[in-house]
Amino acid sequence: MMARAALLPVALLLCLALAGGANAARKSTAGFYELKNKKGDFSIKVTNWGAALVSAIVPDGKGNLADVVLGYDTVAEYANGSASFGATVGRVANRIANARFVLDGKTYHLLRNDGNNTIHGGPKGFGKVIWTVKEHVSHGDSPYITFYYHSLDGEQGFPGALDVYVKYQLSRPYDLSIRMNVTARNKATPVNLANHAYWNLAGHGSGDVLKHELQMFASHYTPVDGSMIPTGEVAPVAGTMYDFGRRIPVGTNMKIVPGGGGGYDMNYAVDGQHGQQNAMRPVARVRDPKSGRAFELWANQPGVQFYTASWLINEKGKAGKVYGQYGALCLETQAYPDAVNHPNFPSSIVRPGQVYKHDMVFRFSYQATYDA
């Protein structure tokens, strides 16, 4: 049996005032926690501020270890940052048009934090609160940590109380699983959690990811309007700049992707979603050709947001690194954005007594590389 690790933060504590709101009195401190495999060449750090992934250290083809997740050194930086590095975002990830929706004949008005829209659950969504650490096994064959958050009825304008659990776990050989379970207590409500990790397989702060190779198991996407709100169409990617049906460098079509300096920020409809409900399906493969590091992402959600950190501009991160535009990519498995306002999209509504389950697995690997 593995000894259960002490539930003490290994970094800075935050005061009650930083948490704010009705939940502050119940969750007074935030810190960092580590999970490490027996071999010692695979580990992650997480924080209960936003139930966020802080780091992931994995080997390359030569056995060199690197941290492949962008993030901050302190909890205070997570609390004050705007990039949602590694956070569990919700209660509804992505955007809700005009910060409103109608459910069972009642109109709900949310807090706006993206122009006229709501994004990632509002200005104080799940990525901006302190979670309770329920369990923490830091070493062994399958180390894990479980975070818990109780979301109140009316929080950020959403109806109904929720019990929310997020579990990070390592398994052999280099698998990171994230499991999200949510129970609706007293009212129907939309639920759509996502993990907002920024990945750079060459190592955080190592430059852009335009040469990373990407394959998406998604033959359709959901086009958006000028406010990044889905039009309601589910369109084929074939023949468009959104087609990653075969593995190609991320930057291949970057110059023709619309929007400011270019870059991707689009929801893809994962193939195979019309099969068994909540079945795990392949979502994407990513590989850095220089280091040989790669991962394959599997999940059970209908969509995945592909984002190339277009708005990441000179952000000071861990160990003095400065993160620039395209310095990472995000693959956020999710429900379709604004699903509450599009009846033709897969439903994101969870009713009292129902359990929302969102599972994902990042399966890291590496290939031997040789200097030219």
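When the letters of the sequence shown are read in order and numbered with the numbering used here, they come out as residues 7 to 378.
Built from N, CA and C at the ideal position, the CB exists for glycine as well.
Cβ neighbours of residue i in the same chain (closer than 6 Å, five flanking residues each side left out)
| i | result |
| --- | --- |
| residue 188 | 168, 170, 197, 362 |
| residue 260 | 268 |
| residue 32 | The predicted model places residue 32 with a pLDDT of 40, which falls under 50 and marks its position as unreliable; any figure quoted below should be read in that light. Cβ within range, chain order: n/a, list empty. |
| residue 266 | Residue confidence is low: residue 266 scores 49 on pLDDT, short of 50, so the model does not pin down where it sits. No coordinate-derived value is stated. |
| residue 27 | Here the model assigns residue 27 a pLDDT of 39, short of 50, so the residue's position is not dependable, and the following value carries that caveat. Nothing meets the Cβ criterion. |
| residue 229 | 237, 239, 241 |
| residue 200 | 95, 99, 338, 340 |
| residue 185 | 173, 365 |
| residue 393 | In the structure as shown, the chain begins at 7 and stops at 378. Residue 393 is therefore absent and cannot be evaluated. |
Local Cβ density within 10 Å of residue i, reported as buried at 16 or more and exposed below that
| i | result |
| --- | --- |
| residue 338 | buried |
| residue 254 | exposed |
| residue 237 | exposed |
| residue 125 | buried |
| residue 43 | buried |
| residue 321 | buried |
| residue 110 | exposed |
| residue 210 | buried |
| residue 61 | buried |
| residue 275 | buried |
| residue 147 | exposed |
| residue 159 | exposed |
| residue 245 | exposed |
| residue 354 | buried |
| residue 213 | exposed |
| residue 85 | buried |
| residue 122 | exposed |
| residue 334 | buried |
| residue 73 | buried |
| residue 256 | buried |
| residue 356 | buried |
Cβ neighbours of residue i in the same chain (closer than 8 Å, five flanking residues each side left out)
| i | result |
| --- | --- |
| residue 300 | 207, 291, 292, 293, 294, 370, 371, 372, 373 |
| residue 358 | 166, 190, 191, 192, 193, 194 |
| residue 360 | 189, 190 |
For residue i, the nearest candidate out of the options (CA to CA)
| i | options | result |
| --- | --- | --- |
| residue 224 | 35, 311, 335 | 311 |
| residue 162 | 190, 193, 115, 174 | 115 |
| residue 305 | 278, 315, 98 | 278 |
| residue 87 | 58, 100, 215 | 58 |
| residue 113 | 246, 315, 364, 195 | 195 |
| residue 303 | 193, 230, 182 | 182 |
| residue 98 | 344, 213, 39 | 344 |
| residue 129 | 155, 164, 145, 152 | 164 |
| residue 202 | 313, 324, 215 | 313 |
| residue 177 | 186, 336, 151 | 151 |
| residue 324 | 173, 82, 342 | 82 |
| residue 251 | 233, 288, 230, 262 | 288 |
| residue 106 | 118, 96, 54, 95 | 118 |
| residue 69 | 48, 84, 213 | 48 |
| residue 383 | 240, 173, 243, 104 | Past the edges of the chain, shown from 7 to 378, lies residue 383, and the structure says nothing about it. |
| residue 52 | 309, 120, 139, 122 | 139 |
| residue 54 | 64, 257, 155 | 155 |
| residue 50 | 346, 149, 222 | 149 |
| residue 316 | 219, 215, 286 | 215 |
| residue 270 | 175, 220, 134 | 220 |
| residue 89 | 63, 104, 56 | 56 |
Integer-rounded CB distance, given that residue j should sit under 8 Å from residue i
| i | j | result |
| --- | --- | --- |
| residue 319 | residue 331 | 6 Å |
| residue 46 | residue 298 | Their Cβ separation, rounded to whole angstroms, is 20 Å, which puts residue 46 and residue 298 out of contact at 8 Å. |
| residue 136 | residue 36 | 5 Å |
| residue 91 | residue 204 | 6 Å |
Close beta carbons around residue i, own chain, < 7 Å, minus the five adjacent residues each side
| i | result |
| --- | --- |
| residue 350 | 238 |
| residue 327 | 210, 211 |
Closer than 7 Å to chain D by CB, residue i
| i | result |
| --- | --- |
| residue 136 | The structure shown contains no chain D; it holds only a single protein chain. |
Uninterrupted alpha helix (DSSP H) stretches inside the region 127-167 (no shorter than 4 residues): none
Residue ranges of each beta strand (DSSP E) within the region 308-357, 3 or longer: 309-313, 336-340
Ordered list of alpha helix (DSSP H) runs contained in the region 53-140, each at least 4 residues: 81-86
Any beta strand (DSSP E) of 3 or more consecutive residues that is wholly inside the region 204-266: 219-222
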